[in-house]
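In my numbering, the protein residues as written are 139 to 356.
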């Protein structure tokens with residue numbers, strides 16, 4: 139990945155205001171185009187092992203840099219990261235997929251399902267209650283643990299509605315998200331092999347995404 143992207147984001151974090159952004163919009167557009175190119179390469183790479191990611195383009199997958207500050211105490215107008223969500227359903231529908239997040243000192247890849255709406259969450263919980271062994275074998279595999287260690291996500295303090303607190307899979311049923319993340323240093327982000335590192339991680343997410351999308355009937 140081009141150093142220009144990290145440099146721009148680092149400067150933006152120190153100057154998160156509209157005047158500075160307007161003066162540096164050409165630099166922003168250049169960095170964004172570099173990120174688009176990287177994400178397009180990622181999409182092509184993902185398609186080699188996950189054919190459900192088809193007919194996707196970077197411009198469909200990359201998130202806008204402008205923040206919605208209406209309900210936020212932090213009124214700074216811009217995100218200080220570049221991010222993209224690559225999934226079969228796109229950004230506007232619910233499906234498991236692949237996420238890349240680039241920010242100085244905070245870059246990562248992730249995948250799975252993040253805070254799905256109640257109907258989708260119930261579908262996943264029903265799938266777990268019916269066949270948890272399949273999910274446990276996915277997240278317990280050495281190849282998964284080498285990349286991600288464990289399944290992450292916010293959890294309920296008690297059993298979800300409709301499920302017993304004594305259910306043998308209550309640890310999974312209490313999850314509100316089903317995600318796995320791997321962090322990268324700035325040094326790794328700038329290495330030529332970074333795209334291959336991302337694709338290697340994403341390929342290990344394929345079984346998890348297939349399980350979740352199967353639960354969603356997607």
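Backbone N, C-alpha and C fix where the C-beta goes; we use that ideal spot for every residue, glycine too.
Between which two residues does the beta strand (DSSP E) containing residue i stretch?
| i | result |
| --- | --- |
| residue 251 | 245 to 251 |
| residue 316 | 316 to 322 |
| residue 297 | Unbroken run through residue 297: none, as it is neither H nor E. |
Would the beta-carbon of residue i fall within 8 angstroms of that of residue j?
| i | j | result |
| --- | --- | --- |
| residue 240 | residue 311 | no |
| residue 229 | residue 199 | yes |
| residue 221 | residue 317 | no |
| residue 178 | residue 196 | yes |
| residue 259 | residue 314 | yes |
| residue 144 | residue 262 | no |
| residue 170 | residue 218 | no |
| residue 154 | residue 215 | yes |
| residue 236 | residue 184 | yes |
| residue 344 | residue 188 | yes |
| residue 173 | residue 247 | no |
| residue 321 | residue 245 | yes |
| residue 281 | residue 342 | yes |
Assuming the contact rule is C-beta atoms closer than 8 angstroms, residue i and residue j should be a hit. Round their C-beta distance to whole Å, please.
| i | j | result |
| --- | --- | --- |
| residue 292 | residue 319 | Residue 292 to residue 319, Cβ: 13 angstroms. No contact. |
| residue 190 | residue 354 | Not confirmed; about 12 angstroms, so no contact. |
| residue 388 | residue 333 | Because the chain here runs from 139 to 356, residue 388 falls outside it and cannot be looked at. |
| residue 224 | residue 180 | 7 angstroms |
| residue 203 | residue 336 | About 20 angstroms separates the two Cβ atoms, so there is no contact after all. |
Along the chain, where does the alpha helix (DSSP H) that runs through residue i open and close?
| i | result |
| --- | --- |
| residue 276 | 270 to 278 |
| residue 345 | 332 to 353 |
| residue 188 | Looking at the DSSP string, residue 188 is not in any alpha helix (DSSP H), and its letter there is neither H nor E. |
| residue 198 | 196 to 199 |
| residue 303 | Where residue 303 is concerned, there is no enclosing alpha helix (DSSP H), given that its DSSP letter is neither H nor E. |
| residue 307 | Taken as a continuous stretch (DSSP letters only), residue 307 belongs to no alpha helix (DSSP H), as it is neither H nor E. |
In this structure, does DSSP put residue i in helix, strand or coil?
| i | result |
| --- | --- |
| residue 181 | helix |
| residue 147 | helix |
| residue 365 | As displayed, the chain neither begins before 139 nor continues past 356, which places residue 365 out of reach and without an answer. |
| residue 207 | coil |
| residue 290 | strand |
| residue 202 | coil |
| residue 259 | helix |
| residue 170 | helix |
| residue 326 | helix |
| residue 284 | helix |
| residue 264 | helix |
Jot down the residue ranges of each uninterrupted beta strand (DSSP E) in the region 211 to 246, minimum 3 residues, whole runs only, in chain order.
Listed in chain order, the beta strand (DSSP E) runs fully inside the region 211 to 246 are 220 to 224, 235 to 240, counting runs of at least 3 residues.
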